[in-house]
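Counting in our numbering, the sequence shown runs from 155 upward without gaps.
Heads up, the thing below is written out as structure tokens.
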Amino acid sequence: MSLVPPSAAARARSRVQSPQEYETLLARSLDDPDGFWRDQASALTWFHAPANIVEDDGHGEVTWFSGGRLNASVNAVDRHARTHPDRAAIIGAAPDGTLTTWTFAELKARVGRIANALVHRGVRRGDRVVVYMPTTPQAAAVMLACSRIGAVHVVVNPAYSAETLRERIEDVGAELIVTADAAPWDRQVLPLKRRVDQAVAGLSQVRCVLVDRHQAVPVSMTAGRDHWLQTELQRHRVACPAVWQPAEAPLFIMHTSGSTGAARGMVHTTAGYLVWACTTFRYLFDLRPGDVHLCTADLGWITGHTYALYGPLTAGITTVLVEGHPGRPDRGRLGALIDAVQATTLYTAPAVLRCMRAAGDAVLARSLRTSLRVLGSVGERLEPDLWQWLHQEVGGGRCPIVDTWWQTETGGAMLANLPGALPARPGYVGRPMFGVRPVLLDRDGRRIEGEGSGVLAIAGTWPGQARTLYGDHAAYLATYHPHPGLFVTGDGAHRDAEGYFAITGRVDDVLTVGGHRLGPAELEDTLCAHDAVLEAAVVATALPDGGEQITVFIVPAPWATTPADDLRAALVEQLRLAIGPIATPGRVWFVSGLPRTRTGKLLRRVLRHLCDGGTRPSDDDLADIADPSVVDEILEVIQPDRLRQRAD
Ligand code: WTA
């Protein structure tokens, strides 16, 4: 086996020291992408070094690092197990405060055993394996074991219901599922194995279910199909040869919501994704040897994949995995965890920070947090007052804040305030990451130069770009590449005179609530499945604390006899069962009609505008709406909330 060793560039410090250095590196990454990315790629271990760096036809067909061969688990685990076997690779933080630490050597052994068990159960290169587990070291090892044998992991967040799980199993044609008996979540226990049983009932494609005994709760096991992971592991050796994957081989599929239809399976590749995860991770968090990185994201989100697993481990940094809600059962949990693991970097979401802030100063004062050096945020807008609170109260005024903007589709951070490189600007997500050319488009798809606001798009390609939508490349091209040479993001942004970006929110109808992304169509379809519902509309609306909530509008069916309160409770329950607790609405309003165009298109932006305290649109603005009287009725129905907003 010939290995291409890491280069000096890979060992160099990742910190950008000054704005000048940032400009120089950015210019090089854009002017000489081949040279820049060849250097970055040399931070990885390759079986065959890539022959080419990038090929891009300008119409959404891109290839990165072609000719190269590598394995993700070797890069994340083996090479560090060789050079520093006793360094902590993963620290698992259970909700009860228990910490489990696995060194790189232990992780390698665990990954090897699981990989052998998967092969024994018939998993082959290219097969999709669905992982439905809590965020534990074991789940991370399962993901890495898939990558070791060239299987494609498809992690489904344990907060999702049996129904959503089934859709995703069917979408990717998985034959094997790895789950746990149950998972603790916010004072409840999620019955994961039971949900898997419901999800696969009658699905003949699923041959095997491996179950991690995690909570020691009783579960039913189907003979011939279900096996305990622990028993499997006792049977298998630790050594498992790694499959050397072609650069463009899929590493994983992650589902995400769009504004129409069911969730889409975004496909990420082995080489491009890994180079992107490793490069962006090193620059974002100003890493030093011995750092402990704490990312609160669940492994079932893209952030968990990139910045709790592949980024830190590929860079050889200790990663802390947080099982369950970071603010439950005790709101002081995160502060205590930072102290317990001596975390140097904290990467979290505004929703988690708001929950921490709401707990009050006394709870925060129970932890010291003096180990922290860099604070990062992702998922939603980090509004300036939350930014200030994070800076002063959590970081004691010492730590730079990296607000990062990105998406499941982009694989890793695209816009950020790199610590040391750029002066802080609360409310802004900063400047482009290396290799990224953000552009703003007006309504007609024309580029806006200089200061301005528009739809955010990315020109050209970057290594971490999702290459396709599983099983539907035509839909991928239609959604993301409507204009030649541009990837369209679905977010609106403002660029100031210095080139700093601020995200203004989605321009489509996708909901991002509490850092979770949901598609309105998925929720509306679930609501309309209820007998008493004629029509439904779902939007995300502003909360006084800066967050957003799910707001539902229901047109009851004329034959419905259920009293409003009962129907409301039933619909909330239906959403929780069909999608998961993350889909719990904050408000359910009953109305007799929805704003629709004359061709019947639902105008969710009108609902959002009204709920967010906007004024009644003028008659001219209402000209698009088939029946403008619905707007007056809606204003009347939501009046109590609008009055409260004004009082706040
Ligand atoms: C939103 C999560 C404001 C945005 C990594 C994007 C943000 C969607 C930020 C992607 C930020 C992400 N400021 N909004 N720093 N980061 N978003 O796919 O609307 O779960 O399109 O990926 O979250 O959500 P996703």
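Even glycine gets a Cβ: it sits at the ideal position worked out from N, Cα and C.
The straight-line gap separating the alpha-carbon atoms of residue 770 and residue 605 is approximately 30 angstroms.
Around the C-beta of residue 508, 16 or more other C-beta atoms lie within 10 Å, and the residue is accordingly described as buried. In the three-state DSSP reduction, residue 301 falls in the helix class (H, G or I).
Shown here for residue 736: same chain residues with a beta carbon closer than 6 angstroms to its own, the five before and five after excluded, namely 313 and 670 in chain order. Residue 430 has its Cβ no nearer than 7 angstroms to any heavy atom of ligand 1. With contacts defined as CB atoms closer than 8 angstroms, residue 489 and residue 520 qualify as a contacting pair.
The residue from 308, 573 and 260 with its alpha-carbon nearest to that of residue 419 is 308.
Sequence-distant partners of residue 483 (beyond 5 residues in either direction) whose C-beta falls short of 7 angstroms from its own C-beta, in its chain, are 249 and 341. With a threshold of 7 angstroms, the Cβ atom of residue 455 counts as near ligand 1, since some heavy atom of the ligand is closer than that. Contact between residue 195 and residue 187 is ruled out by a C-beta separation of about 11 angstroms, above the 8 angstroms threshold.
Contact annotation: residue 349 and residue 362 have beta-carbon atoms that are not nearer than 8 angstroms. For the 8 angstroms CB-CB criterion, residue 534 and residue 554 do not form a contact. Looking from the CA of residue 750, the closest CA among 741, 264, 214 and 777 belongs to 777. Residue 631 holds the alpha-carbon nearest to the alpha-carbon of residue 642 among 567, 299 and 631. Per the coordinates, the alpha-carbon of residue 563 lies some 11 angstroms from the alpha-carbon of residue 412.
Distances between the C-beta of residue 246 and the heavy atoms of ligand 1 are all 7 angstroms or more. In the structure shown, residue 358 falls within a coil segment according to DSSP collapsed to helix, strand and coil.
If you keep only unbroken beta strand (DSSP E) runs of at least 3 residues inside the stretch 372-456, you get 380-382, 404-410, 418-423 and 446-449.
DSSP links residue 772 through a beta bridge to no other residue. By the Cβ rule, the stretch 433-452 does not count as touching the stretch 203-218, because fewer than three pairs are nearer than 8 angstroms. As the crow flies, the alpha-carbon of residue 402 is around 37 angstroms from that of residue 729. By the neighbour-count criterion, in which a residue is buried when 16 or more other Cβ atoms sit within 10 angstroms of its Cβ, residue 458 is buried.
Beyond the five residues adjoining it in sequence on each side, residue 668 comes within less than 6 angstroms, by CB distance, of 505 in the same chain, given in chain order. In chain order, 685, 686, 687 and 688 place their CB closer than 8 angstroms to the CB of residue 711, counting only its own chain and leaving out the 5 sequence neighbours on each side.
In the three-state reduction of the DSSP assignment, residue 531 falls in the strand class, which pools E and B.
The three-state reading of DSSP puts residue 592 in strand, counting E and B together. Spanning the alpha carbons of residue 676 and residue 415 requires a straight line of approximately 7 angstroms. Of the candidates 657, 471 and 623, the residue whose Cα lies closest to the Cα of residue 558 is 657. DSSP places residue 210 in the uninterrupted beta strand (DSSP E) bounded by 208-210.
Between the stretch 257-266 and the stretch 326-339, the count of C-beta pairs closer than 8 angstroms stays below three; the two stretches do not touch. Residue 674: member of the alpha helix (DSSP H) spanning 674-682, first to last residue. Leaving aside the five residues that flank residue 179 on each side, the residues in its chain whose CB is nearer than 7 angstroms to its CB run, in chain order, 170 and 588. For the pair residue 227 and residue 298, the CB atoms are nearer than the 8 angstroms cut-off. When secondary structure is reduced to three states using DSSP, residue 227 falls in the helix class.
Considering only 787, 780, 753 and 746, the residue with the shortest C-alpha distance to residue 764 is 787.
One thing to note: residue 627 has its Cβ no nearer than 8 angstroms to the Cβ of residue 213.
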